[in-house]
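Student:
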Amino acid sequence: MGLFHLVRFEVFCLGVLFQLYKKTDIVITCGNRFDAQDFLERSRNGRIVFAGDSIGRNQWESLLCMLSQGVSNLSTVYEEHGNPITKHKGFLSIRFQDYNLTVEYYRVPFLVVIDHPPQNASEEVQRAIRVDKLHWFSQKWAGANVLVFSAGHWWNQDKTLKMGWYFQEEGTLNMTMDVMEGFRKSLQTLKSWTLKNCDPETGHIFIRSYSPVHYRDGDWNTGGHCDLSNAPEIDYVKPESEPLNNQIILNVVKEMQIANRKAHFLDITYLTAMRKDGHPSRYREPGTPQPAPQDCSHWCLPGIPDTWNELLYAQILSSGFKTRKKGCGKKVIP
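Numbers -15 to -1, 1 to 319, taken from mature numbering (1 follows the signal peptide of the UniProt record, and there is no 0), label the letters of the sequence shown in order.
Given below as C-alpha cells:
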C-alpha cells in the first residue's frame, strides 16, 4: 500500500471545473494502464454507450476526461446537441470529431420503464416498475459497439417499495415481488434485448458490478458522513460481503456468454470498497443548496472511476476489440 496525502485540486475537463479533495499517491506507480490514443483509434467510427444510474454517469464522465488526454485539440470534442455536460436528465452524446466517435450516456436508473400504476391499483402504489419492458432509450443504444450498463444502485427498499414503487410484469402488478427478484427480471429483459439486437462478433456488452457506498453513522438522508475518511482501507477482510446484486449480474452475463455474446462482468466492487476516502463527502459541486447531505456514494474525479475504466480498457484489449462494423444492429426489437 502506497503513502497518501490530502490535496485540493482543480481539473478542467470538457468545460467543467472540478474542485474537490483527493488522496494522491506519493509513490509513483509503474507503467501506464490506459492508452487514450489507442482506445480512440480502436473505437474510430464507432459508438460507446453508457446506460444506467448516476454512478454510471460518474464512470462516463471519467472516460471522457481520460480519452480527452489523447486529443490534441479539445475544441474537436463537444456535445453533439449543444447541451452542457452538467445536464442530468435524459441523455448526452460527446463527439470526438477527429475519430468520428461518440461516447454517450443515457440516464435510466432501473434500465426498465417506470410507469404510472394500472387503473385498478391501490392508493399506496405510486409507480409501476415494468420489469419486462426495457426503457425506450434502448432504441438509441442500437448501433453501439460497446455498451456499458450500470444498475443496482436504485434497486433497494428505500428507492422502490418504501416509495410506493411496485413491480409490474405482463400488465399485472405484483405486490409481493421483492426488490432482488425485480432486479433479476429486469436484467433478463436486458439480456433478451441484447440477444436480439447485438451482433455476436462485434457487439461488446459490459455490466458493471455494484459500487459500494461508505456512509457512517446514518444514511444519505439521516446524517450519514464519510468526510472523516482520509485514507484507503487497509484491512483486506473488512469490506462487506458480496452483495446479491453482483451474483444476479454475473449469472446474466454467463447466460449471455453461453448464447455466444461478447458479454463481460466488470467487477469493481471489492477494490472500490477499499476506497472509503474517494467520495466528494461534504465537498459538493458548486450550486448545491445548503445544508446538503454528504455524498458518500458518488466518486471524486479524477478518482476511483478512472480505475474502473482502466479495467474496461484491459477487457477491451483482451477481447481484441476494434471497430469494423456496428455491434448492436439498428434494427430494434424491444
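Even for Gly, the Cβ is constructed at its ideal location relative to N, Cα and C. Because the structure is a prediction, the values reported are computed rather than measured.
Going by CA-CA distance only, name the one from N30, M160, N159, P69 that's closest to G128.
Tutor: Here residue 128 is taken as the residue at index 143 of the sequence shown, counted from 1. Selected option, being the one with the closest Cα: N30.
Student: Once the 5 residues before and after Q22 are set aside, which same chain residues still bring their CB inside 8 Å of it?
Tutor: The count along the sequence shown starts at 1 and reaches residue 22 at position 37. G55.
Student: So, do the stretch 133 to 141 and the stretch 151 to 158 have three or more beta carbon pairs nearer to each other than 8 Å?
Tutor: no
Student: Report buried or exposed for K72, applying the criterion of at least 16 other Cβ atoms within 10 angstroms of its Cβ.
Tutor: Counted from its first residue, the sequence shown places residue 72 at position 87. Exposed, by the Cβ-count rule.
Student: Answer with yes or no whether the minimum CB distance from Y90 to chain B is below 8 Å.
Tutor: Given the protein chain composition of this structure (a single chain), no chain B is represented.
Student: Within 10 Å of its beta-carbon, does G41 have 16 or more other beta-carbons around it, so buried, or fewer, so exposed?
Tutor: What you label residue 41 is simply residue 56 of the sequence shown in a count that begins at 1. Buried is the call here.
Student: Name the two residues that bound the continuous beta strand (DSSP E) containing T87.
Tutor: Sequence index remark: in the sequence shown, residue 87 carries index 102 (1-based). Note, T87: beta strand (DSSP E), 86 to 92.
Student: What does a CB cutoff of less than 6 Å around A244 pick up in its chain, not counting 5 residues either side in sequence?
Tutor: On the sequence shown, position 259 is the one that residue 244 refers to. Result list for A244: L180, in chain order.
Student: What are the boundary residues of the beta strand (DSSP E) that includes R32?
Tutor: Locating residue 32 in the sequence shown gives position 47, where the first residue counts as 1. Unbroken beta strand (DSSP E) run through R32: 32 to 37.
Student: Check V238 in the structure and name its three-state DSSP category.
Tutor: Counting from one through the sequence shown, the residue named residue 238 turns up at place 253. Correct three-state label for V238: helix.
Student: When the Cα of D202 is compared with those of S107, H210, F24, which residue comes out closest?
Tutor: Against the sequence shown, residue 202 aligns to sequence position 217. Out of S107, H210, F24, the CA that lies nearest to the CA of D202 is found in H210.
Student: Quick one: which unbroken alpha helix (DSSP H) runs of 4-plus residues sit fully inside the stretch 36 to 60? Chain order, please.
Tutor: 39 to 53
Student: Shortest alpha-carbon distance to V97 belongs to which of Q111, S266, Q173?
Tutor: For the purposes of this step, residue 97 is taken as the residue at position 112 of the sequence shown. It is Q173 whose Cα lies nearest to the Cα of V97.
Student: Pull up the distance between the alpha-carbon of D280 and that of A258, whole angstroms please.
Tutor: What you label residue 280 is simply residue 295 of the sequence shown in a count that begins at 1. What you label residue 258 is simply residue 273 of the sequence shown in a count that begins at 1. The straight-line gap from Cα to Cα measures roughly 15 Å.
Student: Going along the chain, which unbroken runs of the beta strand (DSSP E) with 3 or more residues stay wholly within the stretch 239 to 286?
Tutor: 247 to 251
Student: With distances taken from CA atoms, which of L297, K118, S47, L77 is nearest R193?
Tutor: Here residue 193 refers to the residue found at position 208 of the sequence shown. Comparing Cα positions, the closest option is L297.
Student: Quick one: residues in its chain with C-beta nearer than 6 Å to the C-beta of E227, no 5 flanking neighbours on either side, listed in chain order?
Tutor: Walking along the sequence shown from the start, residue 227 turns up at place 242. Once the five neighbours on either side are set aside, E227 has no close Cβ partner at all.
Student: Excluding the five sequence neighbours on either side, which residues of its own chain have a C-beta within less than 6 Å of the C-beta of E89, listed in chain order?
Tutor: Translated into positions along the sequence shown, residue 89 becomes position 104. Apart from the 5 residues on each side of it in sequence, E89 sits with its Cβ closer than 6 Å to the Cβ of V34, S78 in its chain, given in chain order.
Student: Terminal residues of the continuous alpha helix (DSSP H) containing T157?
Tutor: The sequence position of residue 157 within the sequence shown is 172, counting from 1. It is not in any alpha helix (DSSP H) - T157 instead sits in the beta strand (DSSP E) that spans 157 to 159.
Student: If you pair each beta-carbon of the stretch 60 to 71 with each one of the stretch 116 to 128, do three or more pairs fall below 8 Å?
Tutor: no
Student: State the beta-bridge partners of S135 as determined by DSSP.
Tutor: Counted from its first residue, the sequence shown places residue 135 at position 150. S135 is bridged to G37, R193.
Student: Going by beta-carbon coordinates alone, are E295 and F19 separated by less than 8 Å?
Tutor: Taking the first residue of the sequence shown as position 1, residue 295 is located at position 310. Taking the first residue of the sequence shown as position 1, residue 19 is located at position 34. Contact flag set, yes.
Student: Where does L77 fall in DSSP's three states?
Tutor: If you number the sequence shown from 1, residue 77 lands on position 92. DSSP places L77 in strand when its eight states are reduced to three.
Student: Kindly list the residues whose CB is nearer than 7 Å to the CB of H199, restricted to its own chain and excluding five residues on each side of it in sequence; keep chain order.
Tutor: Locating residue 199 in the sequence shown gives position 214, counting from the first residue. Contacts found: C211, S214, K261, H264, C281.
Student: Measure the Cβ-Cβ separation of L146 and V164 and say whether it is below 8 Å.
Tutor: Position 161 of the sequence shown, counting from 1, holds the residue named residue 146. Position 179 of the sequence shown, counting from 1, holds the residue named residue 164. Their beta carbons are under 8 Å apart, which means L146 touches V164 by this criterion.
Student: Look at the Cβ atom of residue 324, then the Cβ atom of P185, and state whether they are nearer than 8 Å.
Tutor: Within the shown structure, residues of the chain are numbered from -15 to 319, placing residue 324 beyond reach of any answer.
Student: Under 6 Å Cβ to Cβ from T87, same chain only, skipping five residues before and after it: list those, please.
Tutor: The residue labelled residue 87 in the question sits at position 102 within the sequence shown. For T87, where only same-chain residues beyond five positions count, the Cβ hits under 6 Å are R32, S78, R80.
Student: Would you identify the three-state DSSP class for D163, choosing helix, strand or coil?
Tutor: One-based indexing of the sequence shown puts residue 163 at position 178. D163 falls in the coil class under three-state DSSP.
Student: In this structure, how does DSSP classify E227 when only helix, strand and coil are distinguished?
Tutor: Here residue 227 is taken as the residue at index 242 of the sequence shown, counted from 1. If DSSP states are grouped into helix, strand and coil, E227 belongs with coil.
Student: Measure the C-alpha to C-alpha separation of A248 and L25 and round it to an integer number of angstroms.
Tutor: On the sequence shown, residue 248 is found 263 positions in, with the first residue counted as 1. On the sequence shown, residue 25 is found 40 positions in, with the first residue counted as 1. A248 and L25: Cα-Cα distance of roughly 21 Å.
Student: Consult DSSP for E154 and reduce its assignment to one of helix, strand or coil.
Tutor: Locating residue 154 in the sequence shown gives position 169, where the first residue counts as 1. Strand.
Student: Kindly give me the distance between the Cβ atoms of V116 and G75, rounded to whole angstroms, as I take these residues to be in contact under 8 Å.
Tutor: Here the question's residue 116 lines up with position 131 in the sequence shown. Here the question's residue 75 lines up with position 90 in the sequence shown. Contact doesn't hold; Cβ gap of about 22 Å is too wide.
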